[in-house]
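Going by the UniProt record's numbering, the first residue of the sequence shown is number 1, and it counts up by one from there. The beta carbon of each residue, even a glycine, is placed where N, CA and C say it ideally should be. All figures in this text were calculated on a predicted structure; none of them were measured in a lab.
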Amino acid sequence: MQRRPRTFLVLLTGLVLALGVLAPPAAAGGERTPGDQPLPGYTIVNPPLPPAIVHGRAARVLQGVHRHAAYAIEVPPKWNGELVMYAHGYAGQGKVLTVGPPPFGLRQRLLDQGYAWAASSYYANGYDVRAGVLSTHDLALRFGGLVRKPRRTFIIGASMGGHVTGRSLEQYPRFYAGGLPMCGVMGDSSLFDFFLDYHLVAQGLAGIRAYPPGRDYLPVTVPKIQRALGIDTLPPGATDIASPLGRQLRDITVNRSGGRRPGADRSFSYWKDFLFSQGAPAEGTVAEDPGQLATNLRTRYTPNAPVDINRVVQRVRPENPRARYSPRLTQSPQISGVPKAPVVSLHNLGDLFVPFSMERAYLADVTRHGQSRLLVQRAIRSTQHCEFSAAEAGAAWDDLSRWVHGGPRPAGDDLRDSKAIAHADYGCRFSDRNAYAAGTGTRRLYAPCP
Numbered sequence: 001m002q003r004r005p006r007t008f009l010v011l012l013t014g015l016v017l018a019l020g021v022l023a024p025p026a027a028a029g030g031e032r033t034p035g036d037q038p039l040p041g042y043t044i045v046n047p048p049l050p051p052a053i054v055h056g057r058a059a060r061v062l063q064g065v066h067r068h069a070a071y072a073i074e075v076p077p078k079w080n081g082e083l084v085m086y087a088h089g090y091a092g093q094g095k096v097l098t099v100g101p102p103p104f105g106l107r108q109r110l111l112d113q114g115y116a117w118a119a120s121s122y123y124a125n126g127y128d129v130r131a132g133v134l135s136t137h138d139l140a141l142r143f144g145g146l147v148r149k150p151r152r153t154f155i156i157g158a159s160m161g162g163h164v165t166g167r168s169l170e171q172y173p174r175f176y177a178g179g180l181p182m183c184g185v186m187g188d189s190s191l192f193d194f195f196l197d198y199h200l201v202a203q204g205l206a207g208i209r210a211y212p213p214g215r216d217y218l219p220v221t222v223p224k225i226q227r228a229l230g231i232d233t234l235p236p237g238a239t240d241i242a243s244p245l246g247r248q249l250r251d252i253t254v255n256r257s258g259g260r261r262p263g264a265d266r267s268f269s270y271w272k273d274f275l276f277s278q279g280a281p282a283e284g285t286v287a288e289d290p291g292q293l294a295t296n297l298r299t300r301y302t303p304n305a306p307v308d309i310n311r312v313v314q315r316v317r318p319e320n321p322r323a324r325y326s327p328r329l330t331q332s333p334q335i336s337g338v339p340k341a342p343v344v345s346l347h348n349l350g351d352l353f354v355p356f357s358m359e360r361a362y363l364a365d366v367t368r369h370g371q372s373r374l375l376v377q378r379a380i381r382s383t384q385h386c387e388f389s390a391a392e393a394g395a396a397w398d399d400l401s402r403w404v405h406g407g408p409r410p411a412g413d414d415l416r417d418s419k420a421i422a423h424a425d426y427g428c429r430f431s432d433r434n435a436y437a438a439g440t441g442t443r444r445l446y447a448p449c450p
């Protein structure tokens, strides 16, 4: 039977072998692909990486292919014996594997501080967190043979790489000394619930039933929904919506994305068209179509007026409940909230691609397992996805490093108190004032900090 089309534009269940070792999937037909080659259907693009200059001397760069994934490693001239693994974000559905260094100025910062770094392309693209977890761990082990076994290994990651980071800390307890997820999918499948919510709530408010979407959903149906809600001409960054139906969609979206907080209304108008663009049909595995994990069966939406949306909204079961609820290392696995190592997490307040609710969900999981002493979270007053300055990311890294090396637990923002989050100056403590003064990115969507 042909699968019904999905509402999400995309961004293997793990096998435990007799020895308890997780491995990438084998080639079709039982054929074995050599580990220094990509899996069938993939190609690798890994051009030479010019070495960074560290205190006047060139770093040592190593590149190659290990267990079907490209890798890049950089070791400073005076290595401190510690390693930082970088887990990249979603790389699309293409079949070209690429690898790059840590972003936000962290590459140079790590090397200047004496740390080596390593990054994997993963053995597969798509929303395949399993590939990220396995390939990153495999490369960390390989680093010992290529250079020397490190005294400590950290893991940092952005976006889907945050999902990789969160799960890696649990998949390999105490292997990693600390983690730095940035703009991460720390709420695992609740991200896809959020995308589903947006479509179903908008359709319910507009009185247009369009789930599952047809091929004309984006070009024909979405414009009708936007006109019915009075948001079709709403410019990015605007706060005034004349239609009560549009205001209800905005307020529900704000609540589902982490609650009332600075910049929330402007962020809605910034992201509202993009969220509709997540409606192209897709089919395939969870990595190709993570929307098959999504559900809104138990979701209660607020505000529930002027439309009684909880009565009229279409309810959808997860198409793949086995993958959604499995504790195994699937392509989009759960993060349970048991990190076993210090974690400093950064998130943009106005991001609606990977919303701030991911952090609140992670905090709830970590607290439920009695691990909250290991988690520090920081809110950054910006709206683009993964919009961090070098100062913001660097400060988080420095504080994590000191913490792991016996220093004090760093300061963070309060994500438990909804009133604190709604305060006008929330997020000011760790946001880069120089970036605001320069007017970079979306910083000016927020009022100046006192």
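Taking C-beta to C-beta, are residue i and residue j nearer than 8 Å?
i    : j    : result
S121 : A87  : no
W403 : L180 : no
G132 : A287 : no
A116 : P76  : yes
I380 : S431 : yes
H369 : G337 : yes
A118 : A140 : yes
Q203 : I225 : yes
I73  : V61  : yes
D197 : T299 : yes
V164 : T98  : no
F356 : S257 : yes
Q384 : V307 : no
S269 : P235 : yes
H68  : L49  : no
P313 : L200 : The identity of residue 313 in the sequence shown is Val, whereas the question assumes Pro. Yes, the Cβ-Cβ distance between V313 and L200 is below 8 Å.
M182 : A393 : yes
R443 : S382 : yes
R57  : T330 : no
N434 : A390 : no
Going by DSSP, what residues sit across from residue i in a beta bridge?
i    : result
P181 : G157
M43  : According to the sequence as given, residue 43 is Thr; it is not Met. Per DSSP, V96.
L83  : A116 and T153
R57  : V54
A72  : Q63 and A119
In chain order, what residues of the same chain have a beta carbon less than 8 Å from the beta carbon of residue i, not counting five sequence neighbours either side?
i    : result
S372 : L363 and V366
A447 : P262 and A424
D112 : V54, H55 and P76
N304 : N310
A59  : P51, A52, I53, E74, V75, P76, P77 and L111
R107 : A52, E74, P101 and W117
T221 : I208, A210, P213 and G214
P450 : D425 and C428
R260 : V254, S418, I421 and A422
A438 : none
Ordered along the chain, which non-local residues of its own chain (more than five positions away) have a Cβ less than 6 Å from that of residue i?
i           : result
R152        : E82 and A177
residue 454 : With the chain covering 1 to 450 only, the question about residue 454 has no answer from this structure.
Q2          : Any reading at Q2 must be qualified, since the residue scores a pLDDT of 35, below 50, and its modelled position is unreliable; the value itself is stated next. Result list for Q2: empty, nothing under 6 Å.
P342        : G178, L374, W403 and V404
L245        : L205 and L229
A420        : D414
S168        : V133 and I155
Y42         : K95 and L97
Q63         : N46 and A72
K340        : P173 and R174
R109        : G394
Among the residues of its own chain, which have a CB less than 7 Å from the CB of residue i, if the five just before and after it don't count?
i    : result
G30  : Reliability of the predicted coordinates at G30 is poor, the pLDDT of 49 falling under 50, and no value is obtained from them.
A361 : M186, G187 and S190
L293 : S189, F192, V286, P318, N320, A323, R324 and S332
P34  : none
V21  : Only weak support exists for where V21 lies, its pLDDT of 42 falling under 50; the value from the coordinates is given anyway. So the list is empty, once near-sequence residues are dropped.
H66  : G35, D138, L139 and R142
Y123 : P24, L39, R67, H68, A69, A131 and S135
Is residue i near the ligand NAD, going by C-beta to nearest heavy atom under 7 Å?
i    : result
H369 : Summarising the ligand content, the structure contains no ligands, and the ligand NAD is consequently not present.
Beta strand (DSSP E) segments (min. 3 residues) lying fully within the stretch 278 to 328 = For the stretch 278 to 328, not a single whole beta strand (DSSP E) run of length 3 or above is found.
Complete beta strand (DSSP E) runs within the stretch 337 to 392 (minimum length 3 residues, chain order) = For the stretch 337 to 392, whole beta strand (DSSP E) runs of length 3 or above, ordered along the chain, are 343 to 348 and 375 to 380.
Does the pairing of the stretch 408 to 415 with the stretch 248 to 257 give three or more beta-carbon distances under 8 Å?
-> The answer is no - the stretch 248 to 257 does not touch the stretch 408 to 415, with fewer than three Cβ pairs under 8 Å.
Is the stretch 151 to 171 in contact with the stretch 88 to 106, if contact means three or more CB pairs nearer than 8 Å?
-> Judged by Cβ distances under 8 Å, the stretch 151 to 171 makes contact with the stretch 88 to 106, as three or more pairs qualify.
Are at least three pairs of beta-carbons, each pair with one atom in the stretch 258 to 273 and one in the stretch 225 to 240, less than 8 Å apart?
-> Touching, yes.
Taking only runs that begin and end inside the stretch 406 to 442, name each unbroken alpha helix (DSSP H) of 4 or more residues, in chain order.
-> Within the stretch 406 to 442, the runs of alpha helix (DSSP H) that reach at least 4 residues and sit entirely inside it are, in chain order, 418 to 422 and 433 to 438.
Could you tell me which uninterrupted alpha helix (DSSP H) segments, each at least 4 residues in length, are contained entirely in the stretch 235 to 260, listed from first to last along the chain?
-> DSSP runs (the alpha helix (DSSP H)) wholly in the stretch 235 to 260: 244 to 256.
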